[in-house]
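Peer 1: Numbering (the working numbering), first residue to last: 1 to 171. Note that the Cβ used here is the ideal one computed from N, Cα and C, for glycine as well.
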């Protein structure tokens, strides 16, 4: 995966300049604030809340790195720092997390475990939620993970994630 960094770096710089990486404050385990690192996939100075697939704020390079999930690779640094694990519920952007906490009962239960790079919700839902209703569905998967987490479940999620990444790379 590190071999892709120079290519992505150059592509982002050529397309529009600006920073190659962005950091986003997210809600981690125990509602602790963590700074997540990603490759920039949207135009500079964008909030990044619930973008759609055809969102005009997403750059051409951004569409590719999102589709292939390459934009998430820098989060390996967050794993090394101990902010997140490989498997767990995806951490929310702070403002979005606060909104969802107010609108969805028991939403913060998902923050009892360390967030992850991939999770049960990601392999079941495939695309990020774009509405409260879709987020409620994601929450059911996150709560299932919190209640049933185990080495075997983590292994199953990891295998499915790898399969998904490999199938997208071939498209």
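So, does the stretch 57 to 65 touch the stretch 75 to 89, judging by three or more C-beta pairs under 8 Å?
Peer 2: Output reads no: the stretch 75 to 89 does not touch the stretch 57 to 65.
Peer 1: Given a cut-off of 8 Å on the beta-carbon distance, is the pair residue 142 and residue 158 in contact?
Peer 2: no
Peer 1: Determine contact between the stretch 62 to 82 and the stretch 36 to 44, defined as no fewer than three beta-carbon pairs at a distance below 8 Å.
Peer 2: yes
Peer 1: For the candidate residues 114, 28, 64 and 134, whose alpha-carbon lies nearest to that of residue 4?
Peer 2: 64
Peer 1: By how many angstroms is the C-alpha of residue 7 removed from the C-alpha of residue 110?
Peer 2: In this structure, the alpha-carbon of residue 110 lies about 35 Å from that of residue 7.
Peer 1: Note down the Cα distance separating residue 18 from residue 70, rounded to an integer number of angstroms.
Peer 2: Straight-line Cα distance between these residues: approximately 18 Å.
Peer 1: Assuming residue 107 and residue 100 form a contact by the criterion Cβ under 8 Å, report the distance between their Cβ atoms to the nearest whole angstrom.
Peer 2: 5 Å
Peer 1: Measuring CA to CA, which of 26, 14 and 151 is closest to residue 98?
Peer 2: 26
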